[in-house]
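Report on one structure; see the data block that follows.
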Amino acid sequence: MKIGIVGAGWNGSHCALELMSAGHQVVLLEKHPDIFQGVSGDFGIRLHKGPHYPRSKTTRDSCLEVFDRFCATYPELVVAHDSAIYAQGTTDALGLRSKVSNDTFAKVCHESPECSEVDMSAKGLEALEAAFNLDEPSVVLGDRLRRFFLDKLAVVGVQVQTGFIVEKIIRSAGQSLVYRDDGSCLAFDLVINTTGFQSLLPAFFERDFPFEVEVVYQPCLALCYEDQQPSEKPLSFIVMDGWFPCLMPAVTTHEPYPADYILTHGSYTIMGSFSTAREADALLEELTDDFIESTVKALTEAQMCRFWRGFLQRFHYAGWKGAVLAKLKTRSEFRSAITFEQDGVIYVFPGKVSNVFNAADEVLALIANQRCIDQNGFRYVENGVLDIARREIQQKPGAGEESTCNLQTYSVLRGQKDAC
Ligand SMILES: Cc1cc2nc3c(=O)[nH]c(=O)nc-3n(C[C@H](O)[C@H](O)[C@H](O)COP(=O)(O)OP(=O)(O)OC[C@H]3O[C@@H](n4cnc5c(N)ncnc54)[C@H](O)[C@@H]3O)c2cc1C
Numbered sequence: 011m012k013i014g015i016v017g018a019g020w021n022g023s024h025c026a027l028e029l030m031s032a033g034h035q036v037v038l039l040e041k042h043p044d045i046f047q048g049v050s051g052d053f054g055i056r057l058h059k060g061p062h063y064p065r066s067k068t069t070r071d072s073c074l075e076v077f078d079r080f081c082a083t084y085p086e087l088v089v090a091h092d093s094a095i096y097a098q099g100t101t102d103a104l105g106l107r108s109k110v111s112n113d114t115f116a117k118v119c120h121e122s123p124e125c126s127e128v129d130m131s132a133k134g135l136e137a138l139e140a141a142f143n144l145d146e147p148s149v150v151l152g153d154r155l156r157r158f159f160l161d162k163l164a165v166v167g168v169q170v171q172t173g174f175i176v177e178k179i180i181r182s183a184g185q186s187l188v189y190r191d192d193g194s195c196l197a198f199d200l201v202i203n204t205t206g207f208q209s210l211l212p213a214f215f216e217r218d219f220p221f222e223v224e225v226v227y228q229p230c231l232a233l234c235y236e237d238q239q240p241s242e243k244p245l246s247f248i249v250m251d252g253w254f255p256c257l258m259p260a261v262t263t264h265e266p267y268p269a270d271y272i273l274t275h276g277s278y279t280i281m282g283s284f285s286t287a288r289e290a291d292a293l294l295e296e297l298t299d300d301f302i303e304s305t306v307k308a309l310t311e312a313q314m315c316r317f318w319r320g321f322l323q324r325f326h327y328a329g330w331k332g333a334v335l336a337k338l339k340t341r342s343e344f345r346s347a348i349t350f351e352q353d354g355v356i357y358v359f360p361g362k363v364s365n366v367f368n369a370a371d372e373v374l375a376l377i378a379n380q381r382c383i384d385q386n387g388f389r390y391v392e393n394g395v396l397d398i399a400r401r402e403i404q405q406k407p408g409a410g411e412e413s414t415c416n417l418q419t420y421s422v423l424r425g426q427k428d429a430c
């Protein structure tokens with residue numbers, strides 16, 4: 011088949027490689043001047059083993075299921091850590107106890123067999139119930155990731171067209187016609203939409219989809235830091251489960267002793283929750299250095315220092331970056347990729363980076379029409395992620411329930427700042 015893929019982040023690029031090896035002819039279309047310029051180039055960081063999702067067994071299972079596959083397929087992109095600590099905080103930024111019990115947290119961490127308990131005082135950590143060290147690596151970001159995929163795509167013969175903004179896709183006479191913003195058009199047997207579910211969306215998605223789904227678009231921030239005492243291998247420190255901080259390395263080059271890190275926080279990373287990507291983009295545009303440094307940075311650092319008092323002696327602030335992420339609104343914080351087809355276009359709703367394997371497997375099954383369920387004009391794979399998780403996906407947080415899906419952090423912080 012001649013297949014067009016729209017969007018060259020992790021999902022589009024990995025899918026292009028898989029489709030080429032299955033014998034298809036593939037053209038990868040990207041609106042930016044280079045590939046991996048969206049969220050994938052800046053934000054896919056941990057190669058998750060699962061404990062970040064203690065309330066979603068489906069998400070944890072899918073992390074473990076694809077972990078080994080990711081390491082075997084992309085060993086050059088996997089960065090081993092000196093330590094990868096998952097800790098359970100006593101209370102979060104709202105003064106609430108962790109959303110899971112100590113037993114559940116320990117059990118979830120021990121789903122990775124190498125998990126070992128951390129001596130918290132030896133590491134200068136405090137205000138924690140427990141801490142565990144896992145062999146959880148990071149995924150390479152930025153230029154190193156971009157160059158890797160450009161080479162790989164060229165070797166297998168994927169045609170990459172950058173600076174190609176797709177404006178619309180029309181199905182006509184058994185072909186999918188992809189229209190560029192300059193009015194020109196390419197014809198494919200099939201198109202795959204890997205735009206992070208941010209553009210060219212399926213018609214009447216929330217109304218007609220076989221299950222009750224709700225999508226939120228969230229402008230997200232990451233604060234960047236430089237490690238003043240970098241060691242040969244990086245570290246990560248993630249406090250759970252609720253409104254807690256998360257420190258991860260951002261490895262973008264082949265240099266030894268990686269010093270770049272990203273700090274996020276359950277309460278101060280997601281700036282808002284919107285029903286369209288456009289509204290989320292607009293908020294991201296509005297953010298200023300002054301606002302971030304005087305509010306978000308100050309609050310996030312104060313929270314981090316509750317658990318690691320020496321943090322600011324070792325890590326120095328170096329700026330911030332932002333991106334919009336599409337998320338399914340679920341009570342359990344479900345975060346795997348889901349894949350389905352409507353009217354000649356296969357859509358990949360992003361999960362975590364390692365879920366590119368689930369998505370590509372399901373794209374291939376949909377193309378071959380193997381084990382597919384057809385409902386309300388949508389096709390998806392029987393026993394695929396969507397089929398297995400459909401119950402979980404339909405369970406939404408209740409009115410007034412604290413959930414990352416409802417956050418309106420920018421308006422709240424702005425209001426507090428103005429009041430001062
Ligand atoms: C703060 C934060 C932390 C995260 N941490 C982790 C983590 O630790 N581990 C993990 O696994 N994941 C993490 N993620 C999630 C992960 O980064 C994303 O899910 C993943 O990168 C999505 O990849 P994608 O290819 O689907 O989307 P993208 O990378 O967004 O790619 C979509 C591409 O489509 C292009 N595009 C859009 N519209 C058009 C159009 N009309 N025409 C042509 N091109 C178009 C865009 O330019 C973009 O390049 C994190 C995300 C955030 C925001």
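Take this note's numbering: the last position of the sequence shown gets the number 430, and nothing is skipped along the way. We put the CB at the ideal spot given by N, CA and C, even for glycine.
### Query
When the Cβ atoms of the stretch 329-345 are set against those of the stretch 219-228, are three or more pairs found closer than 8 Å?
In this structure the stretch 329-345 lies against the stretch 219-228, because at least three pairs of beta carbons, one per stretch, are closer than 8 Å.
### Query
So, is E351 buried or exposed, given that buried needs 16 or more other C-beta atoms within 10 angstroms?
The residue given as residue 351 occupies position 341 in the sequence shown. Note on E351: 16 or more other CB atoms within 10 angstroms of its CB, so buried under the neighbour-count rule.
### Query
Excluding five sequence neighbours on each side, which residues of the same chain lie with their C-beta closer than 6 Å to the C-beta of F321?
Locating residue 321 in the sequence shown gives position 311, counting from the first residue. Excluding sequence neighbours, F321 sits near M314 and C315.
### Query
So does the stretch 188-206 actually touch the stretch 350-365, counting three or more Cβ pairs closer than 8 Å?
Segments in contact, yes.
#### Entry: Inter-residue CB distance, T310 and H275 (contact presumed, cutoff 8 Å)
Translated into positions along the sequence shown, residue 310 becomes position 300. Translated into positions along the sequence shown, residue 275 becomes position 265. Right, their Cβ atoms sit about 5 Å apart.
### Task
With a 10 Å radius around its C-beta and 16 neighbouring C-beta atoms as the bar for buried, classify N112 as buried or exposed.
Mapped onto the sequence shown, residue 112 falls at position 102. Its Cβ having fewer than 16 others within 10 Å, N112 is exposed.
### Query
Excluding sequence positions up to five away, which residues of its chain have a Cβ less than 7 Å from the Cβ of T305?
Sequence index remark: in the sequence shown, residue 305 carries index 295 (1-based). So the qualifying residues of the chain are L423 and K427.
### Task
Name the two residues that bound the continuous beta strand (DSSP E) containing F221.
Counting from 1 along the sequence shown, the entry for residue 221 is found at position 211. Looking at the DSSP string, F221 is not in any beta strand (DSSP E), and its letter there is neither H nor E.
### Query
How about the stretch 85-102 and the stretch 242-256: do they share at least three Cβ pairs that are nearer than 8 Å?
As far as the Cβ criterion goes, the stretch 85-102 touches the stretch 242-256, which means the pair count is three or higher.
### Message
At 3 residues or longer, what runs of the beta strand (DSSP E) sit wholly inside the stretch 203-287?
### Response
The stretch 203-287 contains these whole beta strand (DSSP E) runs: 225-237, 245-250, 255-259 and 270-275.
### Task
For W330, write down the residues that DSSP places opposite it in a beta bridge.
The residue given as residue 330 occupies position 320 in the sequence shown. Partner residues in the beta bridge of W330, as assigned by DSSP, are L233.
#### Entry: Among G60, S209 and C234, nearest to E146 - alpha-carbon criterion
Indexing the sequence shown from 1 puts residue 146 at position 136. It is G60.
#### Entry: Span of the beta strand (DSSP E), counted from its first residue to its last, around A97
Start at 1 with the first residue of the sequence shown, and residue 97 comes out as number 87. Start and end: S93 to G99.
### Task
Run the proximity test for A232: is its beta-carbon closer than 7 Å to any non-hydrogen atom belonging to ligand 1?
By 1-based counting over the sequence shown, the position of residue 232 is 222. Yes, ligand 1 has a heavy atom inside 7 Å of this Cβ.
### Message
Given the structure, does H326 come close to ligand 1, in the sense that its CB is under 7 Å from one of the ligand's heavy atoms?
### Response
Here residue 326 is taken as the residue at index 316 of the sequence shown, counted from 1. For ligand 1, not one heavy atom lies less than 7 Å from the Cβ of H326.
### Query
Along the chain, where does the beta strand (DSSP E) that runs through I383 open and close?
Position 373 of the sequence shown, counting from 1, holds the residue named residue 383. Counting along the chain, the beta strand (DSSP E) containing I383 begins and ends at C382 to Q385.
### Query
How should T286 be labelled, buried or exposed, when 16 other C-beta atoms within 10 angstroms of its C-beta is the threshold for buried?
Within the sequence shown, numbered from 1, the residue matching residue 286 stands at position 276. The residue in question, T286, is exposed, as its Cβ has fewer than 16 Cβ neighbours within 10 Å.
### Query
Taking the alpha-carbon positions, what's the L135 to E40 distance?
Here residue 135 refers to the residue found at position 125 when the sequence shown is read from its first residue. Here residue 40 refers to the residue found at position 30 when the sequence shown is read from its first residue. The straight-line gap from Cα to Cα measures roughly 44 Å.
### Query
Helix, strand or coil: how does DSSP classify G152 here?
For this step, residue 152 is matched to residue 142 along the sequence shown. G152: helix per DSSP, three-state reduction.
### Query
Taking C-beta to C-beta, are L27 and K133 nearer than 8 Å?
To locate residue 27, count along the sequence shown from 1; it is residue 17. To locate residue 133, count along the sequence shown from 1; it is residue 123. Contact: no.
### Query
Any idea if V166 is buried or exposed, counting beta-carbon neighbours within 10 angstroms, 16 or more meaning buried?
For the purposes of this step, residue 166 is taken as residue 156 along the sequence shown, with counting starting at 1. V166 should be labelled exposed.
### Task
For the beta strand (DSSP E) holding T349, just list the boundary residues, first then last.
The residue labelled residue 349 in the question sits at position 339 within the sequence shown. Counting along the chain, the beta strand (DSSP E) containing T349 begins and ends at I348 to Q352.
### Query
Can I55 and A260 be called in contact, C-beta distance under 8 Å?
Position 45 of the sequence shown, counted from the start, is the residue given in the question as residue 55. Position 250 of the sequence shown, counted from the start, is the residue given in the question as residue 260. Taking 8 Å as the Cβ cut-off, I55 and A260 qualify as a contacting pair.
### Query
Hey, would you say G329 sits closer than 8 Å to C230, going by beta carbons?
Taking the first residue of the sequence shown as position 1, residue 329 is located at position 319. Taking the first residue of the sequence shown as position 1, residue 230 is located at position 220. In this structure, C230 does not lie closer than 8 Å to G329 by Cβ.
### Query
For Y390, which residues of its own chain have a beta-carbon under 6 Å away from its beta-carbon, when the five flanking residues on both sides are left out?
Taking the first residue of the sequence shown as position 1, residue 390 is located at position 380. Around Y390: F350, I383 and L396.
### Proximity to N416 [Cα-Cα], best of G282, I179, V366 and F344
As a first step, residue 416 is located in the sequence shown; it is residue number 406 there, counting from the start. Closest by alpha carbon: G282.
### Query
Is K362 buried or exposed, if buried means 16 or more other CB atoms sit within 10 Å of its CB?
What you label residue 362 is simply residue 352 of the sequence shown in a count that begins at 1. With 16 or more Cβ atoms within 10 Å of its Cβ, K362 is classed as buried.
### Query
Does the Cβ-Cβ distance between F317 and P255 come in under 8 Å?
Your numbering for residue 317 matches position 307 in the sequence shown. Your numbering for residue 255 matches position 245 in the sequence shown. Contact check for F317 against P255 passes: the beta carbons are separated by less than 8 Å.
### Query
Over what stretch of residues does the beta strand (DSSP E) that includes Q431 continue unbroken?
Absent from the model: residue 431. The displayed extent of the chain is 11 to 430, so no value can be given.
### Message
Using the three-state DSSP reduction, which class does L87 fall into: helix, strand or coil?
### Response
If you number the sequence shown from 1, residue 87 lands on position 77. Three-state DSSP puts L87 in a helix.
### Query
Hey, out of G17, Q35 and E75, whose CA is closest to V168's CA?
Mapped onto the sequence shown, residue 168 falls at position 158. Taking only the C-alpha atoms, the option nearest V168 is Q35.
### Message
To the nearest angstrom, how far is the alpha carbon of T368 from that of F53?
### Response
As a working note, residue 368 is residue 358 in the sequence shown. As a working note, residue 53 is residue 43 in the sequence shown. A quick correction: the sequence has Asn, not Thr, at residue 368. Looking at the two C-alpha atoms, the distance is approximately 19 Å.
### Message
Does the distance between the C-beta of G54 and the nearest non-hydrogen atom of ligand 1 fall short of 7 Å?
### Response
Taking the sequence shown and counting its residues from 1, the one referred to as residue 54 is at position 44. Remark: the C-beta of G54 is in contact range of ligand 1, defined as less than 7 Å to any heavy atom.
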